[in-house]
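What follows is a single structure, written as structure tokens, with notes after it.
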Amino acid sequence: MPKAARTYYYAVRVGKKPGIYTQWSDCEKQVIGYPNSRYKKFVSKQEADDFLSATESKGNSSTSRKHATTTNFAGTSKDTSGDTKIGIAGSKIETKTEREEKVALKDEGMIVYTDGAASGNGTSKAYAGIGVYWGPNDKSEPLEGKPTNQRAEIQAVIRAIETCGNDKSRLNICTDSMYTVNAVKFWRKAWEKNKWKTSSNKDIQNEDLFRRLFHLIDTRPGMVVLKHVRGHQGVDGNVQADQLAVNGAMLSANNKKSPDNVIK
């Protein structure tokens with residue numbers, strides 16, 4: 001059986017109940033819907049304590065620290081960069097352009113969040129999984145083929161297209177994989193022009209999956225648009241897809257009876 005994944009510490013400096021939490025779901029309850037909330041994820045409790053002890057910047061009132069009861073968190077190892085502010089609607093405070101873009105996405109078709117998780121890249125005990133989040137009760141899957149994080153990210157996007165229905169609605173896929181987004185938006189033409197070779201005449205990595213992905217995009221009646229989102233920034237869809245991917249990787253690990261930990 002797999003070992004428990006590493007524990008992370010979510011420090012809530014400004015929220016409904018400031019303190020340190022080891023489950024994202026508990027942290028989320030304290031910051032979603034709380035105006036100008038401030039929190040951050042750390043790999044050690046000391047760093048979380050230091051964050052809570054720090055003085056708030058000018059314009060924010062200091063908040064006394066209260067420690068929450070901690071529990072084990074089977075999460076992932078993607079790092080959160082910087083503090084994240086949450087608005088009344090529960091999403092990250094955005095610029096006017098970002099808000100308009102979100103409205104446009106909702107008005108122009110379906111929205112799905114995808115993610116991949118992998119552990120032990122390059123070893124015989126490697127395993128990976130994918131997550132595709134349309135809404136509550138979505139399922140996780142082990143990754144098909146070679147278990148790497150990049151392949152998991154691509155496969156998750158593929159599965160989103162395959163499960164959305166072959167219709168004419170625009171499909172907006174939100175992923176935190178800049179690698180996959182760049183491949184679709186910028187690198188594809190050069191790859192195909194060079195017959196799937198790099199400038200140094202080496203094979204393009206993950207060619208099989210990218211060919212499959214490009215074919216699905218080309219043959220779907222409705223437009224497919226990939227949108228990059230920053231991982232672990234409080235975006236609910238991304239958080240849900242992340243957990244689904246971790247669950248999928250754990251399914252693969254159980255099948256292989258691997259002792260490694262899931263990482264992202």
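Heads up, the sequence shown is in UniProt numbering, so the first residue is 1 and it goes up one at a time. A virtual CB, placed ideally from N, CA and C, is assigned to each residue, including glycine.
Count the other CB atoms, across all protein chains shown, that sit within 10 Å of the CB of residue i; report buried if there are 16 or more and exposed otherwise.
{"i": "Asp208", "result": "exposed"}
{"i": "His232", "result": "buried"}
{"i": "Glu192", "result": "exposed"}
{"i": "Trp24", "result": "buried"}
{"i": "Thr84", "result": "For Thr84, the pLDDT reaches just 31, beneath the cut-off of 50, and the residue's location in the model is therefore unreliable, although a value from the coordinates is still provided. Classification for Thr84: buried."}
{"i": "Glu162", "result": "exposed"}
{"i": "Lys185", "result": "exposed"}
{"i": "Ser44", "result": "exposed"}
{"i": "Ala245", "result": "buried"}
{"i": "Gly165", "result": "exposed"}
{"i": "Asp242", "result": "buried"}
{"i": "Lys41", "result": "buried"}
{"i": "Ser252", "result": "buried"}
{"i": "Asn206", "result": "buried"}
{"i": "Gln150", "result": "buried"}
{"i": "Gln46", "result": "exposed"}
{"i": "Thr175", "result": "buried"}
{"i": "Asp203", "result": "exposed"}
{"i": "Asp26", "result": "buried"}
{"i": "Lys16", "result": "exposed"}
Does the ligand ATP have a heavy atom nearer than 6 Å to the CB of residue i?
{"i": "Asp203", "result": "Looking at this structure, you won't find the ligand ATP or any other ligand, since it has none at all."}
By the three-class DSSP mapping on this structure, what secondary structure does residue i have?
{"i": "Leu143", "result": "coil"}
{"i": "Ser119", "result": "strand"}
{"i": "Leu244", "result": "helix"}
{"i": "Lys193", "result": "helix"}
{"i": "Val184", "result": "helix"}
{"i": "Lys17", "result": "coil"}
{"i": "Ile154", "result": "helix"}
{"i": "Val31", "result": "helix"}
{"i": "Val112", "result": "strand"}
{"i": "Asp138", "result": "coil"}
{"i": "Lys41", "result": "strand"}
Can you tell me where the beta strand (DSSP E) with residue i in it begins and where it stops?
{"i": "Val12", "result": "Tyr9 to Val14"}
{"i": "Cys164", "result": "Premise fails: Cys164 is in no beta strand (DSSP E) and is neither H nor E."}
{"i": "Lys227", "result": "Val224 to His228"}
{"i": "Ala128", "result": "Tyr127 to Tyr133"}
{"i": "Ile173", "result": "Leu171 to Thr175"}
What residue range is occupied by the uninterrupted alpha helix (DSSP H) comprising residue i?
{"i": "Ile217", "result": "Glu207 to Thr219"}
Between residue i and residue j, which are expected to be in contact by the criterion C-beta below 8 Å, what is the C-beta distance as a whole number of angstroms?
{"i": "Val14", "j": "Tyr21", "result": "Between Tyr21 and Val14 the Cβ distance is about 14 Å, and since that is not below 8 Å, they are no contact."}
{"i": "Ser177", "j": "Glu141", "result": "The Cβ separation is near 16 Å, so there is no contact."}
{"i": "Leu143", "j": "Ile130", "result": "6 Å"}
{"i": "Ala118", "j": "Thr148", "result": "6 Å"}
{"i": "Gly109", "j": "Leu171", "result": "6 Å"}
{"i": "Ala156", "j": "Asp218", "result": "Not really, about 19 Å apart at Cβ, beyond 8 Å."}
{"i": "Phe210", "j": "Ala183", "result": "6 Å"}
{"i": "Lys125", "j": "Ile173", "result": "With a Cβ gap of about 30 Å, Lys125 and Ile173 do not count as contacting."}
{"i": "Tyr39", "j": "Tyr9", "result": "No, Tyr39 and Tyr9 are not in contact; Cβ-Cβ is about 11 Å, not under 8 Å."}
{"i": "Gly222", "j": "Asp167", "result": "6 Å"}
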